[in-house]
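For reference, the structure is listed below as structure tokens.
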Amino acid sequence: MTGDGTVRIGDADAALLGDVAARAQAAVAGGLQEAIRCAAAIGERAVVPGGGRTSDYLSVLATVGAVDLTVARVVEPHLDALAILNQAGLPARPGGYGVYAAERPGIDPVRASSAGGGTALSGRKPWCSLAGALDRALVTAVEGDERRLFDIDLHDRGAAPVAGTWVSRGLAAVDSGDLDLDRVPADPVGAAGWYLARPGFAWGGIGVAACWFGGAVGLARALLAAAERRTPDQLALAAIGEADRLLWSARATLADAAARIDGGGATGAAGGLLADRVRGAVADAAERILVLVGHALGPAPLTFDEEHARRVADLTVYLRQHHAARDDARAATALLAGERSWT
Numbered sequence: 001m002t003g004d005g006t007v008r009i010g011d012a013d014a015a016l017l018g019d020v021a022a023r024a025q026a027a028v029a030g031g032l033q034e035a036i037r038c039a040a041a042i043g044e045r046a047v048v049p050g051g052g053r054t055s056d057y058l059s060v061l062a063t064v065g066a067v068d069l070t071v072a073r074v075v076e077p078h079l080d081a082l083a084i085l086n087q088a089g090l091p092a093r094p095g096g097y098g099v100y101a102a103e104r105p106g107i108d109p110v111r112a113s114s115a116g117g118g119t120a121l122s123g124r125k126p127w128c129s130l131a132g133a134l135d136r137a138l139v140t141a142v143e144g145d146e147r148r149l150f151d152i153d154l155h156d157r158g159a160a161p162v163a164g165t166w167v168s169r170g171l172a173a174v175d176s177g178d179l180d181l182d183r184v185p186a187d188p189v190g191a192a193g194w195y196l197a198r199p200g201f202a203w204g205g206i207g208v209a210a211c212w213f214g215g216a217v218g219l220a221r222a223l224l225a226a227a228e229r230r231t232p233d234q235l236a237l238a239a240i241g242e243a244d245r246l247l248w249s250a251r252a253t254l255a256d257a258a259a260r261i262d263g264g265g266a267t268g269a270a271g272g273l274l275a276d277r278v279r280g281a282v283a284d285a286a287e288r289i290l291v292l293v294g295h296a297l298g299p300a301p302l303t304f305d306e307e308h309a310r311r312v313a314d315l316t317v318y319l320r321q322h323h324a325a326r327d328d329a330r331a332a333t334a335l336l337a338g339e340r341s342w343t
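Take 1 as the starting number for the sequence shown in the working numbering and just add one per residue.
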């Protein structure tokens with residue numbers, strides 16, 4: 001957290017973050033298409049995790065999240081897609097990317113089949129953020145008996161976002177409804193099973209946590225601004241102090257994760273456990289800060305300050321990407337299998 005509006009984790013590049021913060025601010029004013037252009041511009045700086053600059057990667061996401069979580073929700077999957085393609089040794093195509101890898105009970109998974117000497121995808125995919133606005137997406141589908149990742153063109157006539165399936169009040173501008181695919185040509189990315197097995201799968205989840213962290217920083221800044229406008233009482237000071245402690249711990253957790261990723265200590269089971277720990281620690285801090293800010297500032301900013309109200313709603317929805325107790329149970333399983341660092 002710095003005075004210039006950026007959020008530095010570890011030894012991140014200050015000049016890079018200053019440029020990112022400026023682009024994110026412009027994206028807030030310019031709307032969704034400007035946010036997509038912002039993601040593409042940031043992606044051109046080739047900030048990917050695992051190459052010695054993971055602190056830059058996490059700081060970029062945190063900085064954008066502190067400016068605006070809607071913009072972060074556009075930037076984060078684009079950078080994740082670039083990182084996936086980089087790991088696969090494949091070039092990214094022009095335009096903005098999404099990553100559609102979720103499944104939902106009651107919907108059969110998308111299937112890949114042979115078509116005209118290539119591969120085509122058919123079926124309904126849930127949780128497809130901005131499928132009607134982006135250019136391309138990395139999509140998981142079942143090929144034979146295994147799941148595989150594919151790169152598709154969202155402008156193909158067989159790709160049709162399903163209208164009316166996104167009613168969220170948080171991240172409202174980032175339509176994340178269903179996407180129908182009808183024999184959409186698809187290029188494989190990695191071998192069958194590679195997407196989930198690669199080290200970067202866990203790293204992408206840590207990137208999402210960096211966005212949550214940035215959103216919490218944005219809320220904490222509102223606490224500080226309120227104290228600067230009016231002399232704080234002891235309760236207000238206590239709220240600021242607790243928020244500072246939570247953010248300090250969350251930032252240290254993210255910085256440690258960046259060092260472990262770059263040092264080669266976050267692969268396999270260790271990488272999955274690290275992601276569960278980091279996401280849990282950051283989510284707990286962000287959820288507590290939501291409560292602290294709500295208690296300290298009362299209803300006025302929620303009802304009269306559009307930026308603040310949107311940040312609260314956006315962070316509330318974004319945090320639900322955290323699987324909470326399910327991740328804790330998975331971490332416990334890893335601990336019992338011998339993946340330990342504190343015993």
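Backbone N, C-alpha and C define an ideal beta-carbon position, used for all residues, glycine too.
Going along the chain, which unbroken runs of the alpha helix (DSSP H) with 4 or more residues stay wholly within the stretch 23-91? 32-43, 54-67, 69-88
Alpha carbon to alpha carbon, what distance is there between Ala222 and Ala216? 10 Å
For Thr316, which of Gly118, Leu336, Cys211 has the nearest alpha-carbon? Cys211
Can you tell me which of the three DSSP states Pro188 falls into? strand
Are there 16 or more other CB atoms within 10 angstroms of the CB of Ala15, so buried, or fewer, so exposed? exposed
Report the option in Gly116, Ala115, Gly218, Arg124 whose CA atom is closest to the CA atom of Pro109. Arg124
State the beta-bridge partners of Gly118 as determined by DSSP. Ala115
What's the call for Ser341, buried or exposed, on a 16-neighbour Cβ count within 10 Å? exposed
Based on Cα-Cα distance, which residue from Ala236, Ala66, Glu228, Glu34 lies nearest to Asp314? Ala66
Pop quiz: Ser55 and Asp11 are said to be a contact at Cβ under 8 Å. What is the actual Cβ separation, rounded to whole angstroms? 6 Å
Where are the beta strand (DSSP E) runs, 3 residues long or more, that stay fully inside the stretch 125-181, in chain order? 136-143, 146-153, 159-161
What would DSSP say about Val99, mapped onto helix, strand or coil? strand
Taking 8 Å as the threshold (C-beta atoms), are Ala131 and Leu154 in contact? yes
Going by beta-carbon coordinates alone, are Arg37 and Ser129 separated by less than 8 Å? no
Using 8 Å as the threshold, is the C-beta distance between Val28 and Ala83 below it? no
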